Amino acid sequence: MPKIIDGTDIKSIDIAINELNNGHVIALPTETVYGLGADATNNLAVQQIFSIKDRPAINPLICHVHKDFELSAYVEVSPQARILMETFWPGPLSIICELKEDTPIASHVTAGLSSVALRAPHHPIFEEILKRFARPIAAPSANKSQSLSPTSAEHVAESLSHADIYIIDGSIAPIGLESTIIDARIQKPILLRHGAISVQDIEACLSCSIDVSTQPNKEGKVLSPGQMLKHYSPQKSLKLNITQPNNDEAWLSFGSNEINHPFELNLSETGNLDEAAKNLFSFLWKADKLNVKYISVAPIPNEGIGVAINDRLNRAAREKS
Ligand code: TXA
Ligand code: MG
19 MPKIIDGTDI
29 KSIDIAINEL
39 NNGHVIALPT
49 ETVYGLGADA
59 TNNLAVQQIF
69 SIKDRPAINP
79 LICHVHKDFE
89 LSAYVEVSPQ
99 ARILMETFWP
109 GPLSIICELK
119 EDTPIASHVT
129 AGLSSVALRA
139 PHHPIFEEIL
149 KRFARPIAAP
159 SANKSQSLSP
169 TSAEHVAESL
179 SHADIYIIDG
189 SIAPIGLEST
199 IIDARIQKPI
209 LLRHGAISVQ
219 DIEACLSCSI
229 DVSTQPNKEG
239 KVLSPGQMLK
249 HYSPQKSLKL
259 NITQPNNDEA
269 WLSFGSNEIN
279 HPFELNLSET
289 GNLDEAAKNL
299 FSFLWKADKL
309 NVKYISVAPI
319 PNEGIGVAIN
329 DRLNRAAREK
339 S
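Given below as structure tokens:
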């Protein structure tokens, strides 16, 4: 059974470092969602992440580093990647870089690819752990594969109830959606997953346009192995763009409305998309527990972080694969 420990207690950092040094897996708070972390240079430790999550071995993990970590022994940092790191780290941007031939990153992390996704998370507890551990920490979201992402320690404990791990409680994840992923190995970078850092943010930073490829193309080719999988799903079926909900379904609304609904959860009464992003997964967790047939969701404006919210909702609404 998982054990939740208070991340503000300095002893919890010692426990985390000890667990990582011993090749164990621990759940850690980030500003996006909780991660299930292990020493990224230890193949046996990394393998446990895949088995606890029931994650296909073909789906590579993101490596977390402190923003000041010296990357030169690990990866090639392209000029574009360097600018993005300097602008957005620590923060919710994962940057794909080419691996150095003799990189210490364990092969299971990258699922055999020649590249790795790197991110410097912006959370005081995780940053302190990264500083002291001084090696990259591989960490996917700390949930069972395909299910809802965890934005609290309690979500992790529920999703991974079978695992004997420590969960470092760092309070509710303030952003609530996984990081933006960008492949920055090429002159014109390609965005592979939408997140809190938008296409416009990146284009403004690099002063050039970028490509977006968040779905498999017509031939089924994927640039990021996670794209082909159903994701982020509650147990109950999800219906999108609902403005007139039935009374036998939970309704995730957005903005003010005149409807009196028995199972309404308002993502943001003031129509604030950042607040809606923060609430999205935790409201889906709540709605999943209500005695209702379906979960319906109101239309969400497709701008700013709303693009990432709609991306997650569309994947969550897909039939199970
Ligand atoms: O916010 C986040 O990114 C969270 C927190 C814990 O940092 N992590 C997270 O990890 O969302 P995960 O495993 O749930 O999603 C990682 C995604 C997957 O879709 C994977 O296929 C993609 O990143 N990915 C990882 N390495 C890649 C690579 N070298 N090339 C292309 N895609 C990669
Ligand atoms: Mg995930």
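First residue of the sequence shown? That's 19 in my numbering, and the numbers climb one at a time after it. Ideal Cβ positions, reconstructed from N, Cα and C, are used throughout, including at glycine. Computed from a predicted structure; not experimentally measured.
Closer than 7 angstroms: residue i CB and nearest ligand 1 heavy atom
{"i": "N332", "result": "no"}
{"i": "S159", "result": "yes"}
{"i": "L89", "result": "no"}
{"i": "V64", "result": "no"}
{"i": "H141", "result": "no"}
{"i": "T169", "result": "no"}
{"i": "T232", "result": "no"}
{"i": "H126", "result": "no"}
{"i": "L166", "result": "no"}
{"i": "A156", "result": "no"}
{"i": "A138", "result": "no"}
{"i": "V51", "result": "yes"}
{"i": "N77", "result": "yes"}
{"i": "H82", "result": "yes"}
{"i": "L302", "result": "no"}
{"i": "S242", "result": "yes"}
{"i": "T121", "result": "no"}
Cβ-Cβ distance between residue i and residue j below 8 angstroms
{"i": "K206", "j": "C226", "result": "yes"}
{"i": "L54", "j": "I67", "result": "yes"}
{"i": "V95", "j": "V134", "result": "no"}
{"i": "P192", "j": "N259", "result": "no"}
{"i": "P78", "j": "V43", "result": "no"}
{"i": "G213", "j": "S189", "result": "no"}
{"i": "S177", "j": "N161", "result": "yes"}
{"i": "D32", "j": "D187", "result": "no"}
{"i": "A75", "j": "I155", "result": "no"}
{"i": "L270", "j": "A305", "result": "yes"}
{"i": "Y250", "j": "R153", "result": "no"}
{"i": "K254", "j": "Q164", "result": "no"}
{"i": "S300", "j": "T169", "result": "yes"}
{"i": "I220", "j": "I228", "result": "yes"}
{"i": "N275", "j": "G194", "result": "no"}
{"i": "I200", "j": "I327", "result": "no"}
{"i": "S132", "j": "Y52", "result": "no"}
{"i": "A268", "j": "L291", "result": "no"}
{"i": "L210", "j": "S167", "result": "no"}
{"i": "A56", "j": "I147", "result": "no"}
{"i": "I185", "j": "K21", "result": "yes"}
{"i": "C223", "j": "T105", "result": "yes"}
{"i": "S231", "j": "I208", "result": "yes"}
{"i": "D266", "j": "K311", "result": "yes"}
Assigned secondary structure, residue i (DSSP; H/G/I helix, E/B strand, else coil)
{"i": "I44", "result": "strand"}
{"i": "E119", "result": "coil"}
{"i": "T288", "result": "coil"}
{"i": "L209", "result": "strand"}
{"i": "K248", "result": "coil"}
{"i": "K162", "result": "coil"}
{"i": "T105", "result": "helix"}
{"i": "D86", "result": "coil"}
{"i": "V93", "result": "strand"}
{"i": "D219", "result": "helix"}
{"i": "D229", "result": "strand"}
{"i": "L308", "result": "coil"}
{"i": "L283", "result": "strand"}
{"i": "D201", "result": "strand"}
{"i": "S167", "result": "coil"}
{"i": "N264", "result": "coil"}
{"i": "P192", "result": "coil"}
{"i": "I323", "result": "coil"}
{"i": "R150", "result": "helix"}
{"i": "R100", "result": "helix"}
{"i": "S339", "result": "Legend: pLDDT at S339 = 47, less than 50; position of this residue unreliable, value from coordinates given subsequently. It is coil, neither helix nor strand."}
{"i": "L38", "result": "helix"}
{"i": "S242", "result": "coil"}
Residue(s) in a DSSP beta bridge with residue i
{"i": "L136", "result": "C81, I113"}
{"i": "S314", "result": "K257, W269"}
{"i": "A156", "result": "A56, C81"}
{"i": "D329", "result": "Note: D329 sits in no beta bridge, so no partner."}
{"i": "D187", "result": "D24"}
Contact test: residue i Cβ vs ligand 2 heavy atom, cutoff 7 angstroms
{"i": "E287", "result": "no"}
{"i": "E196", "result": "yes"}
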